[in-house]
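In mature numbering (1 follows the signal peptide of the UniProt record, and there is no 0), the protein residues as written are -21 to -1, 1 to 121. Notes follow once the structure below has been shown.
Set out below in structure tokens:
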């Protein structure tokens, strides 16, 4: 007879712990959702831009070593740009615009010292297409 109340108590405790763990998951999901970044491009748009940019950079005829250095520089700055609209940064759209332009200018200055004049002009033409696209997405004026 004593087994039934103990089993009943265990069943209640298990169901309560399951309910609490679901609440915790919901809290985690809510925090994750709150910190989620709205991206400028869809996954497909990003893939298309990346493929387009890859082909344009190939036209610069960089050596393997130059290409590695170029990619390292560009993608480190792209990462910085991508984090500007993180919710924890709490930047206004105007602050994002200014910081974005600053990052682009810094990246271009660093690349100017690495590339030949012809390669640098090619880079500016290519990357400015991406910049114009971002300006368009955010509704910024050129």
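A virtual CB, placed ideally from N, CA and C, is assigned to each residue, including glycine.
With distances taken between CB atoms, is the gap from residue i to residue j smaller than 7 Å?
i	j	result
residue 56	residue 86	yes
residue 52	residue 104	no
residue 75	residue 94	no
residue 28	residue 60	no
residue 41	residue 49	yes
residue 101	residue 39	yes
Note the first and the last residue of the continuous alpha helix (DSSP H) segment covering residue i.
i	result
residue 78	72 to 91
residue 31	22 to 37
residue 111	96 to 117
residue 46	43 to 61
Is there at least one Cβ from chain B nearer than 7 Å to residue i's Cβ?
i	result
residue 23	Of the protein chains in this structure there is only one, and it is not chain B.
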